[in-house]
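Peer 1: Residues in the sequence shown are numbered consecutively from 78, following the working numbering. Ideal placement from N, C-alpha and C gives every residue a C-beta, glycine not left out. Computed from a prediction, not measured in an experiment: that's the story for all the values here. Handing you a structure now.
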Amino acid sequence: MTSKEQVEIAYEKYLMPTYAPELTLVRGQGTRVWDAADNVYLDFTTGIAVLNLGHCHPRVVEAIREQAGRLIHVSNLQYNECQAQLAEKLWTISDGYRSFFCNSGAEGNEALIKLARLWGNPRGRYEVISMRNSFHGRTLATLTATGQAKVQAGFEPFPEGFRHADLNDLPSVQALVTDATAAILVEAIQAEGGVVEADAAFMAGLRELCDEQDILLLCDEVQCGMGRCGEWFGFEATGAVPDAFSLAKALGNGFPIGAALAGPRLAETFQPGNHATTFGGTPLACAAACAVVDAITEENLVASARNRGANWKKSLGELSEKYEYVDCVRGRGFLLGLVLSRSAKGLADCLTRKGLLTIPTAGNVLRLLPPLNVSDEDLEEALALIDDALDEWHATADETAQVGD
Ligand SMILES: Cc1ncc(COP(=O)(O)O)c(C=O)c1O
């Protein structure tokens, strides 16, 4: 096997330095991953909300193995049964949305934006209002929709037709609506933005505004969908029903697949020739995603994430009584953020040394993303490690406070 050092040297020499990884991971099983030196970690990053079923879930592994030996790829010039099966499963769990398959979250959101343009242009509408602090991807259109300067910097000029309002501030959205507005795009929980929930009144207000003004409501479910927040889709907890929404990440539990799902208003907007992607909905990707939907359903993981996530959130919340640097816990299900009054990077590094992988987010938030099938014992172990790290970190907080996001 290639050594950790060889991997790092190869990264430095042959890869564009887009990322700054720290660990070399070589193996995963369930909630745990192993590095090149055989150190084991509890993985509460789940590949950034991808592995809702944990590493190498047997059902997903088996589906990929079986399908890989039968038919890996056909183009969308032909039918394939796996795509039909996956679309039917998503129709069922979404209560009637039709799918377009692609390969990533950015592409799912790009498809939503293109749907909005195609629907809106005959009505003289093309603008998309999204929220500050949101994250929608790294393509030019989705980074323009993303409400974060750090994601946009250097990529000017941006495509036209994007405006930004504030989450949970309906008047800020109303102020941007014009005759040119085609859609409002929102995450039910801003995950990259620091685990910030859209409140139910705001979401209801958006739906009402869209109905009154003949505008589309679009939800980005790339991170908060597929059971992560205790419902199949994060918007369900808010009661607002979008006209279309995107999925990716956990849809394939690690096998790349994304989707845009359209309700009745947009179900027939794309017609042959309007939109396409070579790898969208291949038999292999769809077989993996079918296994994911079946496993989440049969293992009852949506309700489990809702209930056990709520209990774990409560336990995490008690840390704010014990440590002055812990402000609160935000989020739902197993998309949780421990909000600190200091940079979260120092705490995350300390936790890595103790064997728990977490993600520092938005500067001062420690994002916690266990798989939905995490055991109660693993949740307890993680809580004890966080308690321990906070205790240690508390003593050295002045040093770690300088460490950036
Ligand atoms: C809410 C949200 N939307 C879109 C994306 C982009 O997805 P991808 O990286 O698969 O393009 C992400 C990625 O983190 C995300 O969290």
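1. Name the two residues that bound the continuous alpha helix (DSSP H) containing Gly197.
2. Classify Glu313 as helix, strand or coil using the three-state DSSP reduction.
3. Going by Cα to Cα distance, which pick from Lys399, Ala97, Trp196 and Tyr174 is closest to Phe347?
4. Going by DSSP, what residue range makes up the alpha helix (DSSP H) through Glu204?
5. Between the Cα of Asp371 and those of Leu412, Leu328, Leu343 and Arg342, spot the shortest distance and give me the residue it belongs to.
6. Which residues mark the beginning and the end of the alpha helix (DSSP H) in which Leu286 is found?
7. Over the uninterrupted beta strand (DSSP E) stretch that includes Val442, give me the two end residues.
8. Answer yes if the region 447 to 464 comes into contact with the region 128 to 140, meaning at least three C-beta pairs across the two stretches below 8 Å, and no otherwise.
9. Between which two residues does the beta strand (DSSP E) carrying Asp297 extend?
10. Could you check whether the Cβ of Glu187 sits closer than 7 Å to any heavy atom belonging to ligand 1?
11. Is Cys489 near Ile261, with beta carbons less than 8 Å apart?
12. Going by Cα to Cα distance, which pick from Ala336, Gly432, Glu395 and Arg409 is closest to Trp168?
13. Could you round the C-beta distance between Leu460 and Gly432 to whole angstroms and report it? I think they count as a contact, below 8 Å.
14. Does DSSP put Cys405 in a helix, in a strand, or in coil?
15. Would you tell me roughly how many angstroms separate the C-alpha atoms of Gly414 and Cys306, rounded to the nearest one?
16. Would you say Val369 and Val137 are within 8 Å of each other, going by their C-beta atoms?
17. Please determine whether the Cβ atom of Lys326 lies at a distance below 7 Å from any heavy atom of ligand 3.
18. If we ignore side chains and look at the alpha-carbon of each, how far apart do Thr435 and Phe279 end up?
19. Name the DSSP beta bridge partners of Val416, please?
20. Residues in its own chain within less than 6 Å of Ile373 by CB, not counting five upstream and five downstream?
21. Mapping the DSSP letters down to three states, classify Glu82 as helix, strand or coil.
22. Check whether the Cβ atoms of Phe121 and Leu446 sit closer than 8 Å, and answer yes or no.
23. Enumerate, from N- to C-terminal direction, the unbroken alpha helix (DSSP H) stretches of 4 or more residues contained entirely within the region 331 to 394.
24. Alpha helix (DSSP H) containing Cys159: first to last residue?
25. List the DSSP bridge partners of Tyr118.
26. Check Cys427 in the structure and name its three-state DSSP category.
27. Using a Cβ-based criterion (distance less than 7 Å to any ligand heavy atom), does Ser80 qualify as near ligand 1?
28. Which of the three DSSP states, helix, strand or coil, is assigned to Val451?
Peer 2: Reading it off the structure:
1. If you number the sequence shown from 1, residue 197 lands on position 120. Element bounds for Gly197: Gly182 to Gly197.
2. For this step, residue 313 is matched to residue 236 along the sequence shown. Three-state DSSP puts Glu313 in a helix.
3. One-based indexing of the sequence shown puts residue 347 at position 270. Nearest option by C-alpha distance: Trp196.
4. The residue labelled residue 204 in the question sits at position 127 within the sequence shown. Taken as a continuous stretch (DSSP letters only), Glu204 belongs to no alpha helix (DSSP H), being part of the beta strand (DSSP E) at Glu204 to Met208.
5. As a working mapping, residue 371 is identified with position 294 in the sequence shown. Per the Cα distances, Leu328.
6. The count along the sequence shown starts at 1 and reaches residue 286 at position 209. Element bounds for Leu286: Ala277 to Gln290.
7. The residue labelled residue 442 in the question sits at position 365 within the sequence shown. From DSSP, the beta strand (DSSP E) with Val442 extends over Val442 to Leu445.
8. yes
9. Counting from 1 along the sequence shown, the entry for residue 297 is found at position 220. Start and end: Leu293 to Asp297.
10. Position 110 of the sequence shown, counted from the first residue, corresponds to residue 187. For ligand 1, no non-hydrogen atom lies closer than 7 Å to the CB of Glu187.
11. The chain is shown from 78 up to 482; residue 489 falls before or after that span and cannot be answered.
12. By 1-based counting over the sequence shown, the position of residue 168 is 91. The shortest C-alpha separation from Trp168 is found at Ala336.
13. Walking along the sequence shown from the start, residue 460 turns up at place 383. Walking along the sequence shown from the start, residue 432 turns up at place 355. So it is not a contact: roughly 13 Å between Cβ atoms.
14. The residue you call residue 405 lines up with position 328 of the sequence shown. The answer is strand: DSSP assigns Cys405 an E or B state.
15. Position 337 of the sequence shown, counted from the start, is the residue given in the question as residue 414. Position 229 of the sequence shown, counted from the start, is the residue given in the question as residue 306. As the crow flies, the alpha-carbon of Gly414 is around 12 Å from that of Cys306.
16. The sequence position of residue 369 within the sequence shown is 292, counting from 1. The sequence position of residue 137 within the sequence shown is 60, counting from 1. Contact: yes.
17. Absent from the structure shown: ligand 3. Ligands present: ligand 1.
18. Locating residue 435 in the sequence shown gives position 358, counting from the first residue. Locating residue 279 in the sequence shown gives position 202, counting from the first residue. Approximately 30 Å between the Cα atoms of the pair.
19. If you number the sequence shown from 1, residue 416 lands on position 339. In the DSSP output, where bridge partners are listed per residue, Val416 has Cys405 and Val442.
20. Stepping through the sequence shown from its first residue, residue 373 is reached at position 296. Excluding sequence neighbours, Ile373 sits near Gly304.
21. Sequence index remark: in the sequence shown, residue 82 carries index 5 (1-based). Helix.
22. Here residue 121 corresponds to residue number 44 of the sequence shown, with the count starting at 1. Here residue 446 corresponds to residue number 369 of the sequence shown, with the count starting at 1. Yes. Within cutoff.
23. For the region 331 to 394, whole alpha helix (DSSP H) runs of length 4 or above, ordered along the chain, are 360 to 375 and 378 to 394.
24. Here residue 159 is taken as the residue at index 82 of the sequence shown, counted from 1. Run containing Cys159: Glu158 to Ser171, per the alpha helix (DSSP H) assignment.
25. Working through the sequence shown from its first residue, we reach residue 118 at position 41. For Tyr118, which the question treats as bridged, DSSP gives the partners Val110.
26. Residue numbering aside, residue 427 sits at position 350 when the sequence shown is read from its first letter. DSSP places Cys427 in helix when its eight states are reduced to three.
27. Taking the sequence shown and counting its residues from 1, the one referred to as residue 80 is at position 3. It does not: the Cβ of Ser80 is nowhere closer than 7 Å to a heavy atom of ligand 1.
28. In the sequence shown, residue 451 corresponds to position 374, counting from 1. Val451 falls in the coil class under three-state DSSP.
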